[in-house]
Amino acid sequence: MTHPAPTPPVLHTHRVRLGYADTDPAGILYYAAWFPMMERLQSEFLFTQGLRQDRWKAEFGWWTVTRATQCEYLAAVGLYDPIRIELRMGTIGVSSFSFEYEMWRETDEVLAARASITLVSVSPEQTTVRLPQALRAHAEGWATAGA
86 MTHPAPTPPV LHTHRVRLGY ADTDPAGILY YAAWFPMMER LQSEFLFTQG LRQDRWKAEF
146 GWWTVTRATQ CEYLAAVGLY DPIRIELRMG TIGVSSFSFE YEMWRETDEV LAARASITLV
206 SVSPEQTTVR LPQALRAHAE GWATAGA
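Add 85 to a position in the sequence shown, counting from 1, and you land on the number used in the working numbering.
This is the structure:
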């Protein structure tokens with residue numbers, strides 16, 4: 086009998102009330118509006134971990150760039166809806182790792198969207214490099230946080 090893989094722990098949470106700028110003329114969340122919210126949560130999380138993305142190139146000779154994004158839209162959300170965005174560790178590869186996101190409408194605890202962002206480590210010449218050990222150690226720790 087196979088058991089489903091355990092859900093990774095929530096590493097960081099952000100709450101937002103949707104504003105007019107987040108919606109289309111019908112007052113429903115514009116589909117692309119999730120991505121800046123996810124990136125903001127990712128940047129804030131890394132900052133709280135002492136990882137300043139703006140300093141990686143100068144300090145370490147590498148940095149990360151977004152390689153892939155995806156989002157599944159599961160329920161409509163609209164103007165003034167309170168939203169909770171949760172960040173979890175996704176996969177860890179040779180030169181990349183991903184964060185997974187869930188966006189919840191808090192009024193009724195409906196999962197509105199599920200998404201991921203994959204980051205790849207690159208050299209100053211923009212060529213892919215192995216995930217630096219310091220960053221890999223963080224990612225592996227995040228994957229097992231609370232385990």
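Just so you know, even glycine gets a beta-carbon here, dropped at the ideal spot from N, CA and C. Since we're looking at a predicted model, the values are computed, not measured.
Pull up the distance between the alpha-carbon of residue i and that of residue j, whole angstroms please.
i: residue 191; j: residue 170; result: 10 Å
i: residue 187; j: residue 104; result: 19 Å
i: residue 164; j: residue 99; result: 17 Å
i: residue 183; j: residue 110; result: 33 Å
i: residue 122; j: residue 135; result: 20 Å
i: residue 232; j: residue 218; result: The predicted model places residue 232 with a pLDDT of 46, which falls under 50 and marks its position as unreliable, so this point remains unresolved.
i: residue 133; j: residue 112; result: 33 Å
i: residue 212; j: residue 230; result: 31 Å
i: residue 119; j: residue 152; result: 17 Å
Does the ligand ZN have even one heavy atom less than 7 Å from the beta-carbon of residue i?
i: residue 221; result: No copy of the ligand ZN appears in this structure; indeed no ligand is present at all.
Can you find the residues in the same chain that come closer than 6 Å, C-beta to C-beta, to residue i, ignoring five residues on each side of it along the sequence?
i: residue 160; result: 195, 197
i: residue 220; result: none
i: residue 93; result: 173, 174
i: residue 154; result: 202
Please list the terminal residues of the continuous alpha helix (DSSP H) segment that includes residue i.
i: residue 133; result: 119 to 133
i: residue 225; result: 218 to 229
Just list the residues that DSSP pairs residue i with in beta bridges.
i: residue 206; result: 149
i: residue 144; result: Bridge partners of residue 144: none, in fact.
i: residue 155; result: 201
i: residue 213; result: 207
i: residue 171; result: 98, 187
i: residue 136; result: Paired residues: none, contrary to the question.
Sorted by chain position, which residues of the same chain lie with C-beta nearer than 7 Å to residue i's C-beta, five sequence neighbours on each side aside?
i: residue 130; result: 96, 97, 172
i: residue 108; result: 114, 115, 163, 164
i: residue 167; result: 100, 102, 191, 192
Identify, in the order they occur along the chain, each residue of the same chain with its Cβ nearer than 8 Å to the Cβ of residue i, setting aside the five sequence neighbours on each side.
i: residue 215; result: 179, 180, 206
i: residue 199; result: 156, 157, 159, 185, 186, 187, 188
i: residue 141; result: 147, 148, 149
Span of the beta strand (DSSP E) holding residue i?
i: residue 163; result: Here residue 163 belongs to no beta strand (DSSP E), and DSSP marks it neither H nor E.
i: residue 190; result: 181 to 190
i: residue 108; result: Where residue 108 is concerned, there is no enclosing beta strand (DSSP E), given that its DSSP letter is neither H nor E.
i: residue 101; result: 97 to 102
Are the segment 203 to 212 and the segment 142 to 152 touching by the rule of at least three beta carbon pairs closer than 8 Å?
yes
Assess, as a yes-or-no matter, whether the segment 171 to 178 is touched by the segment 220 to 232 under the definition of 3 or more beta carbon pairs within less than 8 Å.
yes
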